[in-house]
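Each position in the sequence shown, counted from 1, maps to that position plus 167 in the numbering used here. C-beta atoms are modelled at their ideal positions from N, C-alpha and C, and glycine is treated no differently. Taking it in order: structure first as structure tokens, then the write-up.
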Amino acid sequence: MTDTTPRLIGRKDAAAYCGISQSTFSMWVATNKMPPAILGTRKWDRKAIDARLDEISGLAVTDNAVDEFEKWSRERDARKARGGKN
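Structural data, given as structure tokens:
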């Protein structure tokens, strides 16, 4: 039997996959709790979501220095997108 579930999913399906609302999913993405959409798309990788859920639930060990840089980078990019200062 072949799994035909798409690996890439949109925001609505990603939120449903996590069992949260779309607005909560958006907030989690903005605060780096969830991974960003794949560059140039509006799609999320289920495996990336699973990996992040493993991290925040304590099932996977992360490098905090890398996480902090990623968080800073995403916040900077969000400010740029809103037209704010770096």
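Rounded Cβ spacing between residue i and residue j (contact assumed at less than 8 angstroms)
i	j	result
Arg219	Pro202	5 angstroms
Ser193	Arg178	7 angstroms
Trp211	Ile187	About 13 angstroms separates the two Cβ atoms, so there is no contact after all.
Asp221	Ala227	4 angstroms
Local Cβ density within 10 Å of residue i, reported as buried at 16 or more and exposed below that
i	result
Leu181	Checking the sequence shown, residue 181 turns out to be Ala, not Leu. When all chains shown are included, Ala181 counts as buried.
Thr236	One point to set straight first is that residue 236 is Phe, not Thr, in the sequence displayed. By the neighbour-count rule (16 or more Cβ atoms within 10 Å), Phe236 is not buried but exposed.
Trp239	exposed
Span of the alpha helix (DSSP H), counted from its first residue to its last, around residue i
i	result
Lys191	Note on residue identity: the sequence assigns Thr, not Lys, to residue 191. Looking at the DSSP string, the run of the alpha helix (DSSP H) that includes Thr191 is 189 to 197.
Residues bridged to residue i (per DSSP)
i	result
Leu175	Asp212
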